[in-house]
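Contents: one structure, followed by commentary.
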Amino acid sequence: MLVRDIQLTQGDTATAYEAYKEHKEYFPLKEGQVFREGSYTASDGIHHKRNTIIYNGKEKWTKFSSTAEHTFMVGLPKKAFSGLCSHYKSIGGSNNIDKRDGIYLASSLNAIITDMRFSTVEEFTTYLSEEYDKGTPITIEYNIADEIVEPYDEAQQEAYNRLQNFMMYEGVNNISATDGLTIKVNYKMYEEYNAKNNGNIQSRPIIKITKVNDEKIDVSINGIRFKYDFKGDKYVEIDCVEKEVKYEGLNRNRQLEIDYEFPSLNIGNNEILVHSGDCIIEMKRKDRWL
Numbered sequence: 055m056l057v058r059d060i061q062l063t064q065g066d067t068a069t070a071y072e073a074y075k076e077h078k079e080y081f082p083l084k085e086g087q088v089f090r091e092g093s094y095t096a097s098d099g100i101h102h103k104r105n106t107i108i109y110n111g112k113e114k115w116t117k118f119s120s121t122a123e124h125t126f127m128v129g130l131p132k133k134a135f136s137g138l139c140s141h142y143k144s145i146g147g148s149n150n151i152d153k154r155d156g157i158y159l160a161s162s163l164n165a166i167i168t169d170m171r172f173s174t175v176e177e178f179t180t181y182l183s184e185e186y187d188k189g190t191p192i193t194i195e196y197n198i199a200d201e202i203v204e205p206y207d208e209a210q211q212e213a214y215n216r217l218q219n220f221m222m223y224e225g226v227n228n229i230s231a232t233d234g235l236t237i238k239v240n241y242k243m244y245e246e247y248n249a250k251n252n253g254n255i256q257s258r259p260i261i262k263i264t265k266v267n268d269e270k271i272d273v274s275i276n277g278i279r280f281k282y283d284f285k286g287d288k289y290v291e292i293d294c295v296e297k298e299v300k301y302e303g304l305n306r307n308r309q310l311e312i313d314y315e316f317p318s319l320n321i322g323n324n325e326i327l328v329h330s331g332d333c334i335i336e337m338k339r340k341d342r343w344l
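Mapping the sequence shown onto our numbering, position 44 (from 1) lands on 98, and the numbers just tick up by one.
And the structure:
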């Protein structure tokens with residue numbers, strides 16, 4: 055008797071045979087092309103990793119300008135395109151510097167931080183030192199403005215597109231590499247955030263979404279799911295009351311894919327899920343940013 059399929063099942067009840075599933079994808083490197091240490095693949099080519107800096111207060115911080123009372127800056131080893139900070143939210147534009155707490159990292163050779171609590175460099179660097187000693191240092195991670203990009207050829211672009219839709223099966227997935235390469239896998243279905251509405255009524259927010267790496271994002275806010283294509287823009291503001299989508303005052307409604315209903319903020323905590331794409335999400339409930 056020839057047995058083609060066999061399966062061992064642990065338990066008292068037999069289950070139907072499930073065939074072995076295999077899904078192979080390869081990213082072809084061009085001759086002489088290598089992945090650098092810590093590099094990653096992006097939609098338009100192979101990129102260096104982001105720069106990460108941890109501050110301890112011993113850096114050469116100075117005042118941003120003679121008229122900026124609460125803003126301090128320090129040089130960066132490479133020009134920043136955009137970035138994130140462990141302690142400060144991004145300042146949307148240079149016009150907002152010294153008006154509210156935040157960090158400015160857009161197209162700059164400096165990290166520029168505004169903290170309304172401090173008026174001197176000494177006060178600010180003392181705070182940096184204290185946070186470092188507590189084990190909660192001020193840390194920035196930023197995209198390099200002039201990072202090296204090695205554009206994909208046609209075969210690489212097709213492989214990249216397929217890898218974005220790579221299927222992970224339920225249960226155990228075995229991943230291997232040839233030629234002794236090392237694989238590091240960071241698998242997640244979505245990224246989860248929470249925004250708190252401290253008011254006493256449900257309200258519809260203005261949502262500001264700032265692009266980090268990806269042109270397209272897929273987001274859910276309290277179960278309302280939408281997709282957005284930046285098409286080269288740096289950010290978008292979605293007014294959930296007026297149902298308007300704008301960048302620099304220009305209409306961008308055609309770049310938003312959403313049903314008729316726009317998100318609203320419940321009283322207390324609100325669930326935000328980033329299904330795909332890399333972005334920074336801020337929401338304004340009439341009088342304040344969450």
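Just so you know, even glycine gets a beta-carbon here, dropped at the ideal spot from N, CA and C.
Everything numeric in this text was worked out from a predicted model, so none of it was measured.
N-terminal and C-terminal residue of the alpha helix (DSSP H) that residue i is part of
i: Ala209; result: Glu208 to Leu217
i: Leu182; result: Val175 to Asp187
Limits of the beta strand (DSSP E) - the one that residue i falls within
i: Asn164; result: Ser162 to Thr168
i: Ile100; result: Gly99 to His101
i: Phe135; result: Thr125 to Cys139
i: Leu327; result: Gly322 to Ser330
i: Lys338; result: Cys333 to Lys338
i: Asn348; result: There is no way to answer for residue 348, as the model of the chain reaches only from 55 to 344.
i: Tyr301; result: Glu298 to Tyr301
i: Tyr289; result: Tyr289 to Asp293
i: Thr264; result: Ile260 to Lys265
i: Phe314; result: Reading off the sequence, residue 314 comes out as Tyr, not Phe. Run containing Tyr314: none; DSSP gives neither H nor E here.
i: Tyr109; result: Run containing Tyr109: none; DSSP gives neither H nor E here.
i: Tyr282; result: Ile278 to Asp283
i: Lys270; result: Lys270 to Ile275
i: Gly411; result: In this structure the chain extends from 55 to 344, so residue 411 is not present and cannot be described.
Cα-Cα separation between residue i and residue j, rounded to whole angstroms
i: Ile167; j: Glu177; result: 13 Å
i: Met337; j: Asp98; result: 30 Å
i: Ala199; j: Lys132; result: 8 Å
i: Gly331; j: Thr125; result: 32 Å
i: Ser183; j: Asn324; result: 34 Å
i: Tyr289; j: Cys333; result: 9 Å
i: Pro191; j: Glu208; result: 43 Å
i: Lys265; j: Asp66; result: 53 Å
i: Ser148; j: Phe172; result: 19 Å
i: Ser144; j: Ile157; result: 5 Å
i: Tyr109; j: Ile194; result: 8 Å
i: Asp39; j: Ile335; result: This structure cannot speak to residue 39, because the chain is shown only from 55 to 344.
i: Glu315; j: Leu130; result: 43 Å
i: Asp341; j: Ile321; result: In this prediction, Asp341 scores a pLDDT of 46, lower than 50, which makes its location untrustworthy; the coordinate-derived value is nonetheless stated afterwards. For Asp341 and Ile321, the distance between alpha carbons rounds to 15 Å.
i: Ile202; j: Gly137; result: 17 Å
i: Gly277; j: Ser140; result: 27 Å
i: Val128; j: Leu163; result: 9 Å
i: Glu269; j: Ala122; result: 34 Å
i: Leu309; j: Tyr282; result: Looking at the sequence shown, residue 309 is not Leu but Gln. Distance between the alpha carbons of Gln309 and Tyr282: 6 Å.
i: Asp349; j: Leu159; result: With the chain running from 55 to 344 in the structure shown, residue 349 is simply not present.
i: Gln210; j: Tyr301; result: 32 Å
i: Ile271; j: His329; result: 8 Å
i: Val295; j: Asn150; result: 25 Å
Spatial neighbours of residue i in its chain, beta-carbon cut-off 7 Å, leaving aside the 5 residues before and after
i: Arg96; result: The amino acid occupying residue 96 in the given sequence is Ala; Arg does not appear at that position. Cβ neighbours of Ala96 beyond the five flanking positions: Asn267.
i: Asp155; result: Tyr142, Thr168, Asp169 and Met170
i: Gly111; result: Thr179, Thr180, Leu182, Ser183 and Tyr186
i: Glu113; result: Val128
i: Met243; result: Confidence at Met243 is low in this model, with a pLDDT of 39, below 50, so its placement is unreliable and the value that follows should be read with caution. Around Met243: no qualifying Cβ.
i: Glu204; result: Gln87, Gly99 and Ile100
i: Tyr206; result: Gly99 and Tyr214
i: Lys188; result: none
Same chain, Cβ closer than 8 Å to residue i, neighbours up to 5 away in sequence not counted
i: Asn305; result: Glu298 and Val299
i: Arg216; result: Glu79
i: Lys238; result: Model confidence at Lys238 stands at a pLDDT of 46, short of 50, so the residue's coordinates are unreliable; what they give is reported in the following sentence. None.
i: Gly286; result: Glu269
Residues near residue i by beta carbon distance below 6 Å, same chain, minus five either side
i: Ser274; result: Leu327
i: Phe81; result: Ala213
i: Ile312; result: Phe280
i: Phe135; result: Asn197 and Ala199
i: Trp115; result: Phe126, Val128, Val175 and Thr179
i: Phe284; result: Lys265 and Glu269
i: Ile261; result: Ile292 and Met337
i: Asn307; result: Val299
i: Glu85; result: none
Given 8 Å, three or more beta-carbon pairs between the segment 189-205 and the segment 101-110: With three or more CB-CB distances shorter than 8 Å, the segment 189-205 counts as touching the segment 101-110.
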